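Residues in the sequence shown are numbered consecutively from 16, following the numbering used here.
All C-beta atoms in this analysis are idealised placements derived from N, C-alpha and C, irrespective of residue type, glycine included.
Note that the structure is a prediction, hence the values are computed from the model and not measured.
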Amino acid sequence: MTTSPSFDPSEALRADLNRLLDRVPNMKHGELIQLALSAILRMSEDEIDRLDWKILNASLQDMERAFRVFYPYRHVRKISIFGSARIAPGTPEYEMAVEFARRITELGFMVITGAGPGIMQAGNEGAGREKSFGLNIQLPFEQGANSFIEGDRKLVPFKYFFTRKLFFLKESDALALFPGGFGTLDEAFECLTLSQTGKSAPMPLVLIDRPGGHYWHDWLEHVEKQLLKRRLISPDDFSLFTITDRLDEACDVILRFYSVFHSCRYIGNRLVIRLNTDISEAAVEELNQNFSDILLKGRIEKSHALPQEAQDMAIGKARLLLHFNQRDLGRLYQMIAAINHLGSQQQPQDSQHPERK
16 MTTSPSFDPS
26 EALRADLNRL
36 LDRVPNMKHG
46 ELIQLALSAI
56 LRMSEDEIDR
66 LDWKILNASL
76 QDMERAFRVF
86 YPYRHVRKIS
96 IFGSARIAPG
106 TPEYEMAVEF
116 ARRITELGFM
126 VITGAGPGIM
136 QAGNEGAGRE
146 KSFGLNIQLP
156 FEQGANSFIE
166 GDRKLVPFKY
176 FFTRKLFFLK
186 ESDALALFPG
196 GFGTLDEAFE
206 CLTLSQTGKS
216 APMPLVLIDR
226 PGGHYWHDWL
236 EHVEKQLLKR
246 RLISPDDFSL
256 FTITDRLDEA
266 CDVILRFYSV
276 FHSCRYIGNR
286 LVIRLNTDIS
296 EAAVEELNQN
306 FSDILLKGRI
316 EKSHALPQEA
326 QDMAIGKARL
336 LLHFNQRDLG
346 RLYQMIAAIN
356 HLGSQQQPQD
366 SQHPERK
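Here is the structure:
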């Protein structure tokens with residue numbers, strides 16, 4: 016009687032790697048896959064602690080799960096809703112978050128929350144399970160998934176805050192923040208920092224309070240007194256966000272942001288701004304008159320898709336090209352507002368992500 020050889024994980028991994036290496040040259044993103052594998056190979060040859068490998072492994076697992084969940088929805092616009100886990104149902108902030116999530120999903124967005132209680136639960140409740148995502152952090156307290164997202168295939172568990180935060184920003188086309196504690200303020204300043212430095216795509220950021228509430232206005236007073244007066248930020252940075260206690264205004268700010276502006280990307284040293292609607296030569300001339308201070312050289316010009324955009328899903332859209340200085344992001348947001356004002360002002364009629372035609 017013969018016995019089957021025992022399973023050897025290392026042999027299976029070697030076989031999988033060999034098959035992958037044979038396929039990489041012909042894979043769509045083969046060059047990037049090869050770079051990632053090379054990075055891991057270099058790390059394996061260095062003196063790195065076991066804890067470092069555990070961090071790398073858990074981070075990759077976090078990202079793998081999130082990539083798989085979000086991929087089928089990559090062409091749907093999404094908004095991340097932040098706020099306190101300790102705000103109870105029935106309070107004005109909770110009920111406003113429920114209603115805001117309901118309204119914004121009716122306008123074509125899906126909602127991303129932290130999957131916990133409080134404002135996070137309100138966001139999932141208002142959006143409904145079908146239009147909700149939950150990015151749950153593994154904590155020893157207060158963070159079990161709420162009943163409106165628990166058990167859903169769009170609930171993603173994360174070990175690390177930094178990988179979780181990556182997907183909040185990467186997958187969002189808009190951000191809404193309700194009152195909260197340290198975590199909410201951390202998210203507010205992180206979002207503002209990424210917007211201010213151009214490390215996230217331009218998107219509307221709305222700070223929502225209950226009617227007549229002072230939470231965000233008190234926060235703004237502190238920012239003005241301690242940051243602006245000391246010249247630690249620029250007056251233009253206040254263009255990165257909107258404070259409101261009205262849900263109709265919050266929704267309008269988000270829709271208006273994408274009324275003409277579609278999305279943008281860098282090609283070489285030029286910023287390419289894609290437009291939902293073409294704008295006139297007179298409008299472009301007005302942009303040049305009002306925003307020449309953010310140009311490194313040349314002018315803002317109309318353009319068709321560049322050769323590097325041949326695979327771009329927004330290839331048919333009108334474009335503006337400029338040598339943006341990549342420093343004055345508040346002014347860039349002001350220019351986006353001007354583009355939307357100068358354009359057709361038509362409201363988006365679909366629920367597609369800005370990166371789709």
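Residues that residue i bridges to, as DSSP identifies them
i, result
"G213", "For G213, which the question treats as bridged, DSSP gives no partner whatsoever."
"F1", "One cannot answer for residue 1 here, as it falls past the ends of the chain, which runs 16 to 372."
"G149", "T128 and L170"
"S99", "Per DSSP, none; premise fails for S99."
"L270", "Bridge partners of L270: none, in fact."
"T259", "I223"
"K93", "M125"
"L310", "F339"
"Y281", "L286"
Which listed residue (the options) has its alpha carbon closest to that of residue i
i, options, result
"R168", "A160, R34 and P322", "A160"
"A100", "K93, I94, Y109 and R92", "Y109"
"E300", "A30, L337 and E264", "L337"
"A54", "F163, A116 and W68", "W68"
"C279", "R346, I351, L262 and F306", "I351"
"A297", "E316, P219 and I309", "E316"
"G143", "Q76, R80 and V126", "V126"
"G123", "K93, T257 and V113", "K93"
"E324", "S25, M42, G133 and G283", "G283"
"F82", "G198, E26 and L181", "L181"
"R117", "P107, K43, G138 and N291", "G138"
"L220", "K185, D201 and I269", "I269"
"I134", "N151, H232 and A103", "A103"
"R261", "H237, W231 and E60", "W231"
"D308", "L347, L207 and L52", "L347"
Cβ neighbours of residue i in the same chain (closer than 7 Å, five flanking residues each side left out)
i, result
"R271", "N355"
"K174", "A73, D77 and Q153"
"Q341", "G213"
"A353", "L302 and N305"
"V39", "G45, I48 and Q49"
"E26", "none"
"L243", "P250"
Beta carbon proximity, residue i to chain B, threshold 8 Å
i, result
"L47", "In the displayed structure, chain B is absent; only one protein chain is listed."
Continuous beta strand (DSSP E) stretch holding residue i: start and end
i, result
"M125", "M125 to T128"
"R334", "A333 to L337"
Proximal residues to residue i (C-beta, below 6 Å), its chain only, five neighbours per side dropped
i, result
"R334", "V287, R289 and S318"
"A203", "L192"
"D293", "A333"
"M218", "D188 and A189"
"A265", "V221, I223 and T259"
"L321", "I282"
"Q360", "At Q360 the pLDDT is 45, less than 50, meaning the model places this residue with poor confidence; the figure from the coordinates comes in the next sentence. Here the set comprises S274."
"L71", "none"
Boundaries (first-last residue) of the alpha helix (DSSP H) holding residue i
i, result
"V39", "Where V39 is concerned, there is no enclosing alpha helix (DSSP H), given that its DSSP letter is neither H nor E."
"E316", "Counting along the chain, E316 falls outside any alpha helix (DSSP H), though it belongs to the beta strand (DSSP E) covering E316 to S318."
"A81", "R65 to F85"
"A189", "Here A189 belongs to no alpha helix (DSSP H); instead the beta strand (DSSP E) covers A189 to L192."
"S254", "Element bounds for S254: n/a, residue is neither H nor E."
"K185", "F176 to K185"
"I134", "I134 to A142"
"S59", "G45 to S59"
"E236", "Y230 to V238"
"Q349", "L344 to L357"
Beta-carbon contacts of residue i that lie in its chain and below 8 Å, excluding the five residues immediately before and after
i, result
"Q211", "I248, D252, L255, L344 and G345"
"E370", "With a pLDDT of 47 at E370, under the threshold of 50, the predicted position of this residue should be treated as unreliable, and no value is reported."
"L209", "L184 and S215"
"Q364", "Confidence is the limiting factor: at Q364 the pLDDT is only 47, short of 50, which leaves the residue's position unreliable and the question unanswerable from this model."
"Q362", "Its pLDDT being 44, under 50, Q362 is placed unreliably by the model, and the measurement read from it follows with that caveat. The residues are L270 and S274."
"L310", "L337, H338, F339 and N340"
Whole-number beta carbon distance between residue j and residue i, since they are thought to touch under 8 Å
i, j, result
"S74", "T178", "6 Å"
"E140", "F163", "5 Å"
"F97", "T199", "5 Å"
"V238", "V171", "With 8 Å as the limit, V238 and V171 do not qualify as a contact, their Cβ atoms being about 32 Å apart."
"L150", "G166", "Actually they do not touch by this definition, with Cβ atoms about 15 Å apart."
Closer than 7 Å: residue i CB and nearest the ligand NAD heavy atom
i, result
"N72", "As presented, the structure is devoid of all ligands, the ligand NAD included, so that no description of it is given."
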